[in-house]
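Respectively, the protein sequence lines represent chains A and B.
For the first sequence, my numbering gives the first residue as 749, with consecutive numbering after it.
For the second sequence, my numbering gives the first residue as -6, with consecutive numbering after it.
Read the structure below first, then the notes.
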Amino acid sequence: MTRTDGITAALSHLGRLDELAGANTPIARVDPRAKLVTTAAFLVTVASYGRLEVSALLPLAAFPLALFALGDVPLRPILSRMALVAPFAVLVGAFEPFLDRQPLGTFGPVVVTAGWASFASIFLRFALSVSAALLLVATTGLDAVAAALAWFRVPRVLIVQLLFLYRYLFVLSEEVARSLRAHALRSPDHPSPRLRIAGSMLGQVLLRTLERAQRIHVAMLCRGFDGEVRLRRPLRARLSDFAFIACWCAYFGLCRAANLPRLLGIAVHGAG
Amino acid sequence: MSHHLVRLEDVHFSYPDGTPALRGVSFELHHGESVGLVGANGAGKSTLLLHLAGVLFPSSGRIRVGDWPVTSETLGNVRRSLGLVFQDPDDQLFMPTVADDVAFGPLNLGLPLEEVATRLSGALERVGAAGLGPRPAYRLSGGEKRAAAIASVLAMSPDVLVMDEPSSGLDPAARRRLIGLLRSFEHTKIVATHDLDLVMDVCARTVVLREGGVAADGPTASIFGDSALLEACHLEKPLRLQGCPRCGE
């Protein structure tokens, strides 16, 4: 597969998260505001753990796993997107094992240092937070997330920025794919553009993207867009939505207050 | 309501770099009329359409759509009365699914959700795209995209339907379906196009633009029969009016 084909394929997968949101699943039916609040509570809980906590974080994985299962979300699109941002988490935690060599305990013959525990904790927290955020979009749709943000009085400017950023991502990638294809077809021996050509190409792509973005903006204005996001499905909170928030928040609180895996270990040993 | 639905009076416009695009365009459109807007590349067709939708404003002259003069204060009302279908449907379809796109306009009009749902299904049915609702726009064929783009404008129930090159990029069967669809609309229509055969099928009247001005305005049949005029405007007779290449008749 050439690079151009790769970009085109990536582009067709880009919108896949939003498509998933159209499915009629128990999680998709939960009010977007309830999912937003619960996800925010989840992220705060994950971030609140100490830097060496690993085992205590594990029970929190129940939240993304439940969203996966009840939302009927396929594993692949979420994992591939997590892999895209994983290098950032690895980079953040990469030096921990070298900087902090204080032994923390043994795992069979291997001595676990504080640095490695910190690295594992950073990576686990990354996996939990990113998967939860992706699952929020995959089970809700970005427009509904934006409408929920608006309900919570998040400034409209920020919401519109978020929506446009998402839309223009498609526009920009399409223009890049087109330019690369045009270049590859007329440069069979060097399908990847050289630096000098890449520079002018990027300039052209940006100018064309701006023009296209303007046309899309005009199309939106012509159909009465005034900066407010409106949804076809009204935001309607039911009792089950409150129960969704309450149950998950209680569970997050429980996970935070007590180290469940350790308690389980003690219980098992005690029983043994 | 005035007798004329769309009225342009001596409209002039130059782009910011000084290039003149419209030089004294005047014409009127009556209720229920279908007008073909033809002319060479750069004759000012697209610029004129952007003026009608209040995206561009004339340097001098006046434009009126329905009961409203087109000014920055009346844009909301003008855009309720006039629906513009863009040349490239990809510019017009920007929501996650076709249904979201078609509902975008009615939601912005502040209609109740039941009415939005009625208009959504009505518009999709009208263009023969009832099954496309849940699909994302970028997965549609050219003909389906065009139908969805038209539905997105129809859902706002405009009085005037304005289309920029509606048949560009369509295969012959999709083009034929589009012509059937346009003929079935009772709306007042302005169709800017190079497809003169489509104009013959859809529009009883034609306005010819040349270098930003109106070169001719009259019944389609008589305008397309005037070879000298068409040649002067860089146009050709529609294929069906040209002689048979074999027998010359």
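Every residue, glycine too, gets a C-beta built ideally from N, C-alpha and C.
- B/Met156 is bridged by DSSP to B/Val78, B/Val184.
- With a threshold of 16 other beta carbon atoms within 10 Å, B/Asn101 meets it and is buried.
- Pairing A/Ala788 with A/Ala795, the inter-Cα distance amounts to about 11 angstroms.
- Beta-carbon to beta-carbon, B/Ser145 and B/Asp194 are separated by about 23 angstroms, too far to satisfy the 8 angstroms threshold.
- In the displayed model, A/Arg971 falls within coil according to three-state DSSP, outside both helix and strand.
- The Cβ atoms of A/Leu872 and A/Val802 sit closer than 8 angstroms to each other.
- In the structure shown, the three-state DSSP call for B/Glu21 is strand.
- Per DSSP, the beta-bridge partners of A/Phe855 are A/Val858.
- If you ignore the 5 residues before and after A/Leu808, its C-beta comes within less than 8 angstroms of the C-beta of Phe790, Thr793, Val794, Leu876, Phe1000, Cys1003, all in its own chain and listed in chain order.
- Taken in chain order, the complete alpha helix (DSSP H) segments of 4 residues or longer contained in the region 907 to 989 of chain A are 943 to 970.
- Looking at the backbone, the Cα of B/Ser215 and that of B/Ala197 are separated by about 10 angstroms.
- Residues Lys138, Arg139, Ala142 of the same chain have their beta carbon placed closer than 6 angstroms to that of B/Pro82, with the five preceding and five following residues left out of the count.
- When 7 angstroms is used as the limit between beta carbons, B/Asn101 is near these residues of chain A: Arg971, Gly972, Phe973, Asp974, Arg978, in chain order.
- Excluding five sequence positions before and after B/Gly76, the CB atoms of its chain that fall closer than 6 angstroms to its own CB belong to Val146, Met149, Pro151, Leu154, given in chain order.
- Residue-level contact by beta carbon fails for B/Ser53 and chain A, as no gap is shorter than 8 angstroms.
- Residues Gly47, Ile56, Val71 of the same chain have their beta carbon placed closer than 6 angstroms to that of B/Val63, with the five preceding and five following residues left out of the count.
- At least one CB of chain A lies nearer than 8 angstroms to the CB of B/Leu77.
- Looking at the DSSP output, B/Asp210 bridges to B/Val200.
- With a beta-carbon spacing of about 6 angstroms, A/Asp989 and A/Val778 fall inside the 8 angstroms limit used to define contacts.
- Taking C-beta separations shorter than 6 angstroms and ignoring five residues to either side along the sequence, the partners of A/Ala896 in its chain run Pro780, Arg781, Leu784, following chain order.
- Nearest C-alpha to B/Val192 among B/Val207, B/Asp157, B/Glu204, B/Arg203: B/Asp157.
- With a beta-carbon spacing of about 7 angstroms, B/Leu30 and B/Leu202 fall inside the 8 angstroms limit used to define contacts.
- For a Cβ distance threshold of 8 angstroms, residue set Arg915, Ile964, Ala967, Met968 of chain A lies close to B/Phe87, ordered along the chain.
- Membership of A/Val792 in the alpha helix (DSSP H) is indicated by the continuous run 780 to 795.
- Apart from sequence neighbours up to five positions away, the residues of its chain that approach A/Phe811 with a beta-carbon distance below 7 angstroms are Phe790, Ala880, Trp996, ordered along the chain.
- Put simply, the CB of B/Met193 is far from chain A, with every gap to its CB atoms at 8 angstroms or more.
- Under the DSSP definition of a beta bridge, A/Phe811 lacks any partner.
- The alpha-carbon separation between B/Ser52 and B/Leu42 amounts to approximately 15 angstroms.
- A/Gly863 places its beta carbon 8 angstroms or farther from that of A/Pro851.
- Taking 8 angstroms as the CB threshold, B/Asp152 stays off the interface with chain A.
- For A/Arg829, the number of other beta carbons within 10 angstroms of its own is at least 16, and it is reported as buried.
- Scanning A/Ala1015, A/Leu1012, A/Arg764 for the CA closest to the CA of B/Arg132 turns up A/Arg764.
- Taking each of B/Leu113, B/Glu26, B/Pro231, B/Thr186 in turn and checking the Cα distance to B/Gly32, the smallest one comes out for B/Thr186.
- Counting only Cβ-Cβ distances below 7 angstroms, A/Gly889 has contacts in chain B at Pro89, in chain order.
- Per DSSP, reduced to three states, the secondary structure at B/Glu229 is coil, with no helix or strand assignment.
- B/Gly115: not part of any beta strand (DSSP E); member of the alpha helix (DSSP H) spanning 106 to 119, first to last residue.
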